[in-house]
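Student: Numbered by the UniProt record's numbering, the letters in the sequence shown go through residues 1 to 199 in order. For glycine and all other residues, C-beta sits at the position ideal for the given N, C-alpha and C.
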Amino acid sequence: MSARTAFIAGSLAFAVGAAAIGFGLVHYGASGSGGATATQPSSVGGPFQLVDQNGATVTEAEVKGRPYLLFFGFTHCPDVCPTALSEMTQTFDALGPDADKLQALFVTVDPARDTPETLKEYLSSFSPRIRGLTGSQAQVDAAVKTFRAYARKVPLDGDNYTMDHTALVYLMDRDGAFVQPLNLKREPADVAAELKRYL
Numbered sequence: 001m002s003a004r005t006a007f008i009a010g011s012l013a014f015a016v017g018a019a020a021i022g023f024g025l026v027h028y029g030a031s032g033s034g035g036a037t038a039t040q041p042s043s044v045g046g047p048f049q050l051v052d053q054n055g056a057t058v059t060e061a062e063v064k065g066r067p068y069l070l071f072f073g074f075t076h077c078p079d080v081c082p083t084a085l086s087e088m089t090q091t092f093d094a095l096g097p098d099a100d101k102l103q104a105l106f107v108t109v110d111p112a113r114d115t116p117e118t119l120k121e122y123l124s125s126f127s128p129r130i131r132g133l134t135g136s137q138a139q140v141d142a143a144v145k146t147f148r149a150y151a152r153k154v155p156l157d158g159d160n161y162t163m164d165h166t167a168l169v170y171l172m173d174r175d176g177a178f179v180q181p182l183n184l185k186r187e188p189a190d191v192a193a194e195l196k197r198y199l
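#1: Between the C-alpha atoms of K185 and G176, what's the straight-line distance to the nearest angstrom?
#2: In the structure shown, what three-state DSSP assignment does K153 receive?
#3: State the start and end residues of the unbroken alpha helix (DSSP H) segment that holds T57.
#4: Assign H27 to one of three DSSP states: helix, strand, or coil.
#5: Where does L156 land, buried or exposed, given buried means 16+ other C-beta within 10 angstroms?
#6: Which of the three DSSP states is assigned to Q137 in this structure?
#7: Which of the three DSSP states is assigned to L106 in this structure?
#8: Tell me whether Q90 sits in a helix, a strand or coil according to DSSP, three-state version.
#9: Can you tell me which of the three DSSP states L119 falls into?
#10: Report the option in M172, K153, K196 whose CA atom is closest to the CA atom of H76.
#11: Tell me which residues share the same chain as A99 and place their Cβ nearer than 7 Å to its Cβ, disregarding the 5 neighbours each side in the sequence.
#12: Pick out whichever of V58, H165, G46 has its Cα sitting closest to the Cα of T134.
#13: What's the C-alpha gap between P97 and K120?
#14: Rounded to whole angstroms, what is the Cα-Cα separation between A189 and G158?
#15: Since L171 contacts L69 with CB under 8 Å, what's their CB separation in whole angstroms?
#16: Rounded to the nearest angstrom, what separates F126 and A167 at their Cα positions?
#17: Would A149 and M163 qualify as a contact pair, given that the criterion is a beta-carbon distance under 8 Å?
#18: With distances taken from CA atoms, which of Q180, L199, M88, F74 is nearest V44?
#19: Rounding to the nearest angstrom, what Cα-Cα distance links D110 and G73 in this structure?
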């Protein structure tokens with residue numbers, strides 16, 4: 001399956017899942033700490049436990065307090081994943097000093113190959129603010145389910161394989177609530193301006 005087809009398939013899977021759980025339109029309100037937050041309950045997101053590229057355990061509780069971006073992918077991804085990570089890097093650059101108020105998580109859907117060491121080497125080409133997460137297959141599967149994402153192993157010639165997966169960037173607020181998919185296919189300054197509403 002081509003990267004474009006995988007993106008479309010993942011997007012449709014996310015959309016169907018979103019419709020099925022009925023989170024509908026998300027509304028926003030001003031929080032006491034000065035940023036917008038999601039005010040309508042959402043079934044996207046929730047508990048997870050993974051390990052970052054430095055071997056530290058990461059849970060949903062550990063990332064609360066600052067908004068974050070989350071993207072599912074894998075290090076053998078030919079173009080969609082490096083493109084998304086490059087766009088995140090440009091967004092962090094465009095945020096300037098406000099970049100410290102935002103987090104980004106790159107969650108592998110291929111934990112068999114994406115060890116913490118592999119993630120660390122791979123992410124060295126992108127913003128140091130992007131944190132790579134992996135874990136056991138069960139932990140990764142649970143995270144995929146928690147975020148209503150899609151991931152499927154696709155055999156290739158020989159013993160090789162690739163992964164189809166949801167190719168959306170999730171925007172989560174400081175309380176860990178899903179806000180909306182974030183469109184990075186814009187000028188980084190425009191993405192940064194949108195994100196500042198939540199910082």
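Tutor: On the basis of the data shown:
#1: The count along the sequence shown starts at 1 and reaches residue 185 at position 185. The count along the sequence shown starts at 1 and reaches residue 176 at position 176. Rounded to whole angstroms, K185 to G176 spans 24 Å at the Cα level.
#2: For this step, residue 153 is matched to residue 153 along the sequence shown. In the three-state reduction of the DSSP assignment, K153 falls in the strand class, which pools E and B.
#3: Mapped onto the sequence shown, residue 57 falls at position 57. Segment 57 to 59 is the beta strand (DSSP E) holding T57; no alpha helix (DSSP H) there.
#4: The residue you call residue 27 lines up with position 27 of the sequence shown. Annotation note: pLDDT 33 at H27 (below 50); position unreliable, no value reported.
#5: Along the sequence shown, one-based indexing puts residue 156 at 156. That one is exposed.
#6: Here residue 137 refers to the residue found at position 137 when the sequence shown is read from its first residue. Helix.
#7: In the sequence shown, residue 106 corresponds to position 106, counting from 1. In the sequence under discussion, the amino acid at residue 106 is Phe, which differs from the Leu named in the question. DSSP places F106 in the strand class (E or B) of the three-state scheme.
#8: Within the sequence shown, numbered from 1, the residue matching residue 90 stands at position 90. Note: Q90 maps to helix in three-state DSSP.
#9: Locating residue 119 in the sequence shown gives position 119, counting from the first residue. The three-state secondary structure of L119, taken from DSSP, is helix.
#10: Counted from its first residue, the sequence shown places residue 76 at position 76. Nearest C-alpha to H76: K153.
#11: For the purposes of this step, residue 99 is identified with residue 99 of the sequence shown, where counting begins at 1. Within the same chain, A99 has close Cβ partners F92, R129.
#12: Mapped onto the sequence shown, residue 134 falls at position 134. T134 has its Cα closest to that of V58, out of V58, H165, G46.
#13: In the sequence shown, counting from the first residue as 1, residue 97 sits at position 97. In the sequence shown, counting from the first residue as 1, residue 120 sits at position 120. The straight-line gap separating the alpha-carbon atoms of P97 and K120 is approximately 24 Å.
#14: On the sequence shown, residue 189 is found 189 positions in, with the first residue counted as 1. On the sequence shown, residue 158 is found 158 positions in, with the first residue counted as 1. For A189 and G158, the gap between their C-alpha atoms comes out near 44 Å.
#15: Along the sequence shown, read from residue 1 onward, the residue named residue 171 stands at position 171. Along the sequence shown, read from residue 1 onward, the residue named residue 69 stands at position 69. Confirmed, about 6 Å.
#16: For this step, residue 126 is matched to residue 126 along the sequence shown. For this step, residue 167 is matched to residue 167 along the sequence shown. Going from the Cα of F126 to the Cα of A167 covers about 18 Å.
#17: What you label residue 149 is simply residue 149 of the sequence shown in a count that begins at 1. What you label residue 163 is simply residue 163 of the sequence shown in a count that begins at 1. In terms of Cβ geometry, A149 and M163 do not form a close pair [threshold 8 Å].
#18: Taking the first residue of the sequence shown as 1, we reach residue 44 at position 44. The shortest CA-to-CA distance from V44 to any of Q180, L199, M88, F74 is the one to Q180.
#19: Looking up residue 110 in the sequence shown gives position 110. Looking up residue 73 in the sequence shown gives position 73. Looking at the two C-alpha atoms, the distance is approximately 8 Å.
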